[in-house]
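Read the structure below first, then the notes.
In the working numbering, the protein residues as written are 77 to 819.
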């Protein structure tokens, strides 16, 4: 018979090979294949419990085989909210139940969720706000290109051959480039504006006439001078572009507007002439803080108002700032021989405009963002998403942009170019599926738009795709807080608890912001938290090593995380919803169980069978393998005393007297602390050294071949019955520990 020492060392010298040997056994292979093939079809906790093959497989994997018949209790465990310390699973002293619940998604709230979480909505509104700066930059870039390249144009064909130049002049005068043919445009530009029978005068609209007036092409398309435009003509086109194209007044546009105002106001002879020039009228409204939507008629009534009459129209709508700034008669005309404004009034108007032109725009952005944030929080389906501001319950948001318009603009998409039906098709498509509709568009703007929402294929809200599931986040937080307080007491414990809670809060608030492996690795606080929660010293790991781990393909046996050097990172990589390219993916997300937990369940099933099979010939090996698998979960001496198998390993290793278990728990803890540091159980090398010593001591103490290891393992937890627990620890001790666990 092989000794316990040799049995343990043979099993653990290459655990991957050992587990592969177990996995190749026909019955185990069949059970695992069934579980992996069918767990994805489980939709509810009742589906899970009613499929005996799946249910018993999972229960066995988590060491709960003796509780398979207790379905009612296990349903309570599985549906527990692990973020609630008072939930059923959290109140049980046996940690196996909590681990089992954490492996599945049945405890996650099923309440209706919005189609965007707070982080997604905040990202979208930030992008919406940023879009205006981007728009201003784009306008400046387009103007810079036009300013230099139009001077190189020597004939009309060269102008039309450059799509950037052509689009610039067309958009400046409100002409859609999509519907403007080159032949028509050429005829317009080479036409004689002074000939009433010319193509331009017979066929051209006001917009085309205004455009043609800014070029000097001959009838054959050539130019007479050095350039196709005079300096004044070029400046006029650029000024018109910066006024008409951006959706708001840019800084450059404001300067152009001021120049335009100064050049035109002197020729104004009436209120109606002023309001008929949209650009002048907008300028006045911007300068004096008038409603941007004020009509010409309303403005006429304002100008005719008596500022000293509290019942006048101007006073009633709060538009008195403009009164006294123009020289209009009561009928709206300018007195004979005078101007609409004096030089001082023009200066005052331009000064006001420079100071105030952007105020209304910034207010519009603020109110739009507020409206979006408020409304999106209560939207759970695509139908509600398209309810207009005018149709919702808020009476004050009718002038705000619609939600879908803001979403499109946020991702650099012209809201006028995408219909609601097209929008629906995009956001109901799976952006993580390379064969989906949105992926087929091969436009990252649409892919990012789809990722910004959590619509399923039927337009209803679904769980967001995040780096980690909520159950995994909860589990990491629990492990981190437990490891941070290992073997501490008094002020040190209090400080560690405070620090760990602060770290956990940061982790929970920021991990959802991560969208790539690169994002994750850039945040050392997040990385350190995850490594620590998994029992890995952050100082021992480089960023390059983690990059290598996340780039590994878990399905390939020779990938880094499936080698001895990378095995410690396997659980971490499996738990994250990243593909091997480092991007978020929903391929790992399951209804009942995510892929990472499925892999972990399979792995635990192999470990359980390995321990059981080796225990049939040498129960000491079973104890050693059990201890190796669970050592990292030990946070204090009471965890050791609460698990009879772990306790047996320790007492055997250090030849402690059997009477020790009769002492009170505090006395036992002090005795155990003299022999080993509980923190050492987080170090695999030190654990291995301890277990080799245990194996040798076990061989010495059990040379006659008898051992109680099997009975110890079958009742190893603190929740075991009194009769089962008696093998290693007295019933009074177990009761005391159970009471400590429930405090």
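For every residue, glycine included, the Cβ atom is placed at its ideal position computed from N, Cα and C.
Legend entry - Residue environment, residue 699, which counts as buried when at least 16 other CB atoms sit within 10 Å: Buried, because 16 or more other Cβ atoms sit within 10 Å of the Cβ of residue 699.
Legend entry - Through-space distance from residue 500 to residue 473, alpha-carbon basis: Rounded to whole angstroms, residue 473 and residue 500 show a C-alpha spacing of 23 angstroms.
Legend entry - Same chain, Cβ closer than 7 angstroms to residue 133, neighbours up to 5 away in sequence not counted: 107, 111, 681
Inset, instruction - To the nearest angstrom, report how far apart residue 55 and residue 746 are at their CA atoms. - result: Residue numbering for the chain in the displayed model covers 77 to 819; residue 55 lies beyond these limits and cannot be assessed.
Legend entry - Which residues DSSP lists as bridging residue 299, in chain order: 293
Inset, instruction - Measure the CB-CB distance between residue 611 and residue 758 and report whether it falls below 8 angstroms. - result: yes
Legend entry - Limits of the unbroken alpha helix (DSSP H) element including residue 754: Premise fails: residue 754 is in no alpha helix (DSSP H) and is neither H nor E.
Inset, instruction - Measure the beta-carbon distance from residue 543 to residue 590 and round it to whole angstroms, keeping in mind my assumption that it falls under 8 angstroms. - result: 5 angstroms
Inset, instruction - Tell me, please, whether the segment 194 to 207 touches the segment 153 to 167 by the rule of three or more beta-carbon pairs shorter than 8 angstroms. - result: no
Inset, instruction - Check whether the Cβ atoms of residue 430 and residue 334 lie closer than 8 angstroms to each other. - result: A contact, by the Cβ cut-off of 8 angstroms.
Legend entry - Distance between residue 332 and residue 400 (C-alpha atoms, nearest Å): 25 angstroms
Legend entry - Buried or exposed by the 16-neighbour rule on C-beta atoms within 10 Å, applied to residue 521: Residue 521 should be labelled exposed.
Inset, instruction - Tell me whether residue 396 sits in a helix, a strand or coil according to DSSP, three-state version. - result: helix
Legend entry - Euclidean distance between Cα positions of residue 609 and residue 546: 15 angstroms
Legend entry - N-terminal and C-terminal residue of the alpha helix (DSSP H) that residue 678 is part of: 671 to 693
Legend entry - Run of the alpha helix (DSSP H) containing residue 239, from where it starts to where it stops: 239 to 248
Inset, instruction - Measuring alpha carbon to alpha carbon, tell me which of 445, 367, 469, 388 ends up nearest residue 432. - result: Here the closest residue by C-alpha is 367.
Legend entry - From 487, 199, 238, residue whose alpha carbon lies closest to that of residue 218: Comparing C-alpha distances from residue 218 to each of 487, 199, 238 shows the shortest one belongs to 238.
Legend entry - Limits of the unbroken alpha helix (DSSP H) element including residue 149: Where residue 149 is concerned, the enclosing alpha helix (DSSP H) stretches over 147 to 154.
Inset, instruction - Can you tell me which of the three DSSP states residue 536 falls into? - result: Of the three classes helix, strand and coil, the one that applies to residue 536 here is strand, per DSSP.
Legend entry - Backbone secondary structure at residue 346 - three-state DSSP: Residue 346: strand per DSSP, three-state reduction.
Inset, instruction - Measuring alpha carbon to alpha carbon, tell me which of 83, 641, 97, 478 ends up nearest residue 685. - result: Looking at the Cα atoms, 97 is the closest of the given residues.
Inset, instruction - Output yes or no for whether 8 angstroms exceeds the beta carbon distance between residue 370 and residue 347. - result: Note that the C-beta distance between residue 370 and residue 347 is not below 8 angstroms.
Inset, instruction - Inspect the beta-carbon positions of residue 201 and residue 450 and report whether they are closer than 8 angstroms. - result: no
Inset, instruction - Taking residue 569 as part of the alpha helix (DSSP H), name the residues at either end of that continuous run. - result: 566 to 586
Legend entry - Beta-carbon gap between residue 354 and residue 437 smaller than 8 angstroms: no
Legend entry - beta strand (DSSP E) runs contained entirely in the segment 416 to 453, provided each spans 3 or more residues: Those beta strand (DSSP E) runs which fall completely within the segment 416 to 453 and span 3+ residues do not exist here.
Legend entry - Distance between residue 772 and residue 729 (C-alpha atoms, nearest Å): 8 angstroms
Inset, instruction - Taking only the alpha-carbon atoms, compute the straight-line gap between residue 616 and residue 725 and give it to the nearest angstrom. - result: Answer to the nearest angstrom: the Cα atoms are 29 angstroms apart.
Legend entry - residue 316, buried or exposed, once every other Cβ within 10 Å from all chains shown has been counted against 16: buried
Legend entry - Straight-line Cα distance separating residue 623 from residue 173: 33 angstroms
Legend entry - CA-to-CA distance, residue 560 to residue 585, given in whole angstroms: Their Cα atoms are separated by approximately 19 angstroms.
Inset, instruction - Identify whether residue 660 lies in helix, strand or coil by the three-state DSSP scheme. - result: Note: residue 660 maps to strand in three-state DSSP.
Inset, instruction - Pick helix, strand or coil for residue 324, following the three-state DSSP scheme. - result: coil
Inset, instruction - List the residues that DSSP assigns as beta-bridge partners of residue 93. - result: The secondary-structure analysis by DSSP pairs residue 93 with nothing; it has no beta-bridge partner.
Legend entry - Span of the alpha helix (DSSP H) around residue 622: 619 to 626
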